[in-house]
Every structure is written in C-alpha cells, then in structure tokens.
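Some notes on the structure that comes next.
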Amino acid sequence: MEFIYLDHNATTPVDPEVVEAMLHQLKENYGNASSVHSSGRDAKVALENSREQIAEFINCEPSELYFTSGGTESDNLAILGAAYQLKSRCDHLIVGATEHHAVLEPAEYLHEKEGFKLDLLPVDSDGISSPEKLAELINDKIAIVSVMQANNETGAIQDIAALTNITKEKGILFHTDAVQATGKIKVDVKELGVDLLSLTGHKIYGPKGTGALYIKQGVKIAPLFYGGSHEKKRRPGTENIAGVVGLAKALEIAGKRMEQDYKMHKELSRYFIEKVTTLIPDVHFNGPREKRVMPTMNLSFCGIEGESILLSLDMEGVACSSGSACTSGATEPSHVLDAMGMDKVDAQGAIRFSMGRSTTKEQLDYVIEKLPPIVERLREMSPIYRSKAK
Ligand SMILES: *Cc1c(COP(=O)(O)O)cnc(C)c1O
C-alpha cells in the first residue's frame, strides 16, 4: 500500500538538497561561530551567508534577522519580549482569535499571570479579520498586536498590510506568524508593514528546530534567554549552524518553486474539493476558497467525528489531520472553526488535508475513492447524523 501524506501543515519531509547542505556543514564545518580560530571563522561565514540569503527572501536587512529554535520560540519571543519591554506603560494585547497556540498561549499567560488585558481580534465566517474591527479595539495601552499571515487549519490569508495601516499610525508594534505563509505566498516584511515576523524551517522542507524572528531595526524587545552575546544578546546560545544553513537552502528552493507549486496546488485543490463535495452529501468547505494558501483544504463531514475519519483513512494509508496537529488527541472542537462561528457538531467533523510538493492527482483520486464508504459507514453509526438527516 502506498503511503499518502496529506499532512504537510504539520511538518514536511526534508528536501534532499537541504540534507546535503546540512551534512556538509555538520561534517566539514563544525566550528563554533564565536571562536576566533579559522574553524570558527568558517562557521561564522556560513552563518552570516545564510542570514543574508534569508533576509533577502523576506526583504529585510541581515541585521534584522535573529535565529531561534522554530516557530514556537519566535512567536513567544515576539509576544513575551514586546510585553516585558513595554510593561511599564502598556498593559494590553490584541491577538487574532484563530492564532496558533504558540501565539495564543503566551498571550493568555500574560493575561492570567502578569495582569495584561487581552482582546481576541474576531474573524468572519471565512476566518478573516477586518481593519475596522482592529481599529475599534485599539487604544494607547496596547503593547503588541499579533495576527498570522496564513492560518494552519484553513489556510486563510489575512490582509496584514491593511491591519498594519491601523497600528502604524499609532506606533503600535505588529507581529505576524508567517510560518504557514512562507514558501507558499510572498512574504515581504516591507509590503506587510510588520515590526516582527516568525518563520520556521520544518514546514517548508527544511529541518525541525530551526526558525527565525525578524525584528525591525529600532524595535526593542526583551530577551527570554540570558547567556552569551549570540544574536546580539536577543537570543543567546550557540547557533545551530547546520540548521540555519538548511533553513536558507529550504527558502532558496521554495523561492524558485513557489509559483509553479501554487498553480499545481490550486488545480489539485479545486479538483479535490469539487469531487468530495459532489460525491458525499453534507460536506462543508471551511475557510476562504480563494484567499488561502492552496495546499490547505479543510472540510467538515457533518454528523461524525473528524478523529474517526482520520483513523479510518490512516488504515488505508492516508495521513491527514483533524483540527490542528497540536490539538489532536483532545476532543475539543478547533478554536479556529469556533471563532469562524461554526456549529460545534460541524466543527467536530472537520478534517484538514494539506498537500505538498509530492502530492499527485492519483493520490487524491485514491482518497476520493476511499472517503465515501468511510463517511457512509460512520454516519450509519452516528445518532447525531441520523437525527439531522431526518
Ligand atoms: C507549526 C506552526 C507553528 C510552530 O512552529 P514550530 O517550528 O513547530 O515550533 C507556529 N505557527 C504556525 C501557524 C504553525 O503552523
């Protein structure tokens, strides 16, 4: 049985070219970038070359890019760092209602334990926030606003430039989690108008445990770690140079393929959604049809548990996700679909299929063939579905 991986939003395989670049780094160039001898200098050159490459990819200066252990750390550093830095005059935060837990949890921590007020920026039924709603919530005590560029569960793309227009006038810091946008759509810090931006390697065919935070020149945030003077003391700790080299290589490849991948995923997703929604009754597509990163397809199968579909598909060799990867195992319906105003029963039946570079029409056809009998069998056993259908 062929293994069909449709969970690329959880993580991607590492591109063989990335592996090669990292292996070279690990075997031949293992120096510590802080050392003064030639091995250290060579490592430092690899580190700074990667920094330049990644900076160019998001259109910032190399000096504005700080390496971290991934998306979670970058998000935490942005939110907690801004809050701690501005604590004496700002005690209020705004974060998007559909943010990843790596943004929601530090914001909730600041709210519950550190006395910050917290507002969640609402979204419409497509999962998009409006600048008008943000303008209503803004006041002069806001330390930071954080809204993601693309959502991990639905793929919804926010109009970050319209949102930063509101905060810019008031001099309020704006952070965006660009983890799911990177490599799929253009990520340009100047066009977006953001002060802080998070990205990670393992969602774009790079290594796990490597990411970066863009901090705009002049923006001050408090560090979370103390130690050496790495990353200008904003993130001390010996740099993961092989990881950083891998991240740079992954972005280089993504930059070259982005347009072609986008077109391919747009066609495949149109085909898949059309087939599934015609072959199976009572299926909703969740999120915006057009304004989303195309590999992400979130569908609700009314009256049954997404978790049961996922397990049945797994037995057929298909990997996908219900809700976000981080909440799998919990029976709570997704906070993302809840914020979009979705009925709890429909939200329970949500499945996220996320395609990648290796996804083919033949693979999708296999899923299209296997899904209807699975859904039918589960619905036969579902009292909720039978009562709804009557
Ligand atoms: C995966 C993900 C993260 C977390 O990134 P890690 O590198 O796994 O820590 C943060 N935000 C979004 C939107 C994600 O999809």
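Take the position in the sequence shown, starting the count at 1, then add 440; the result is the number in this note's numbering. Note that beta-carbon positions come from the ideal geometry of N, C-alpha and C, so glycine has one too.
What residue does the alpha helix (DSSP H) around Gly536 start on, and which one ends it?
It is not in any alpha helix (DSSP H) - Gly536 instead sits in the beta strand (DSSP E) that spans His532 to Gly536.
Selected residue, minimal CA-CA separation from Gly727, among Ile681, Glu593, Asp531 and Tyr470
Glu593
Span of the beta strand (DSSP E) around Tyr524:
Per DSSP, Tyr524 belongs to no beta strand (DSSP E); it is in the alpha helix (DSSP H), Gly511 to Leu526.
Distance, Pro453 Cα to Ala618 Cα
19 Å
Have a look at Met780, Met737 and Thr451 and flag the residue whose alpha-carbon is nearest the alpha-carbon of Thr717.
Met737
Helix, strand or coil: which one does DSSP assign to Ile814?
helix
At a cut-off of 7 Å, is Val454 close to ligand 1 when judged by its beta-carbon and the heavy atoms of the ligand?
no
Quick check: Glu880 and Phe507, are their CB atoms within less than 8 Å of each other?
Here the chain has residues from 441 to 830 only, and residue 880 is not among them.
Give me the residue from Leu818, Val543 and Glu468 with the minimum Cα distance to Cys742.
Leu818
Cut-off 6 Å between Cβ atoms - residues of its own chain near Val535, not counting five sequence neighbours on either side:
Val543, Ala547 and Ser586
Between His724 and Asp786, which are expected to be in contact by the criterion C-beta below 8 Å, what is the C-beta distance as a whole number of angstroms?
6 Å
DSSP-derived helix/strand/coil call for Ser478
helix
At a cut of 8 Å, does the region 642-654 reach the region 514-528 through at least three beta carbon pairs?
yes
Applying the criterion that 16 or more other CB atoms from any shown protein chain within 10 Å of the CB defines a buried residue, is Pro456 buried or exposed?
exposed
Whole angstroms are fine: how far does the CA of Ile814 sit from the CA of Leu398?
Given a span of 441 to 830 for the chain in the structure shown, any question on residue 398 remains unanswerable.
Could you name the residues whose beta carbon sits closer than 5 Å to any heavy atom belonging to ligand 1, keeping them in chain order?
Gly510, Gly511, Thr512, His540, Ala542, Asn592, Asp617, Val619, Gln620 and Thr640
Is Gly789 helix, strand or coil by DSSP?
coil
Pick from Glu609, Phe614 and Leu639 that is closest to Thr622, judged by C-alpha positions:
Leu639
Between the region 674-684 and the region 501-516, do three or more beta carbon pairs fall short of 8 Å?
yes
By the DSSP assignment, the beta strand (DSSP E) with Ala688 in it spans what residues?
Not the beta strand (DSSP E): Ala688 falls in the alpha helix (DSSP H), residues Ile681 to Leu719.
Whose C-beta lies closer than 7 Å to the C-beta of Lys573 among residues of the same chain, with five residues either side of it excluded?
Leu561 and Pro562
Which value, in whole angstroms, describes the spacing of the CA atoms of Leu505 and Val807?
41 Å
So who's on the other strand from Asn726, going by DSSP bridges?
Asn738
Rounded to the nearest angstrom, how far is the Cβ of Ala694 from that of Gln493, given a contact under 8 Å?
Between Gln493 and Ala694 the Cβ distance is about 12 Å, and since that is not below 8 Å, they are no contact.
Let me check understanding here. Comparing Cα to Cα, which of His775, Arg529 and Pro812 lies closest to Gly567?
His775
Nearest-angstrom beta carbon gap, Asp531 and Lys581 [assumed within contact, 8 Å]:
6 Å
Hey, Phe497 and Leu691 are a contact pair by Cβ (cut 8 Å); roughly how many whole angstroms apart?
5 Å
Opposing strand residues paired with Tyr666 [DSSP bridges]
Bridge partners of Tyr666: none, in fact.
Local conformation of Thr607 per DSSP, three classes:
helix
Check for me: the beta strand (DSSP E) holding Tyr506 runs from which residue to which?
Leu505 to Thr508
Residue burial classification, Tyr470 (beta-carbon count within 10 angstroms, cutoff 16)
exposed
Tell me whether His705 is buried or exposed, calling it buried when 16 or more other Cβ atoms sit within 10 Å of its Cβ.
buried
Can you give, in chain order, each stretch of the alpha helix (DSSP H) that sits fully within the region 572-597 and has at least 4 residues?
none
Does Met745 pass the burial test, meaning 16 or more other C-beta atoms within 10 Å, or should it be called exposed?
In the sequence on display, residue 745 carries Glu and not Met. Under this definition Glu745 is a buried residue.
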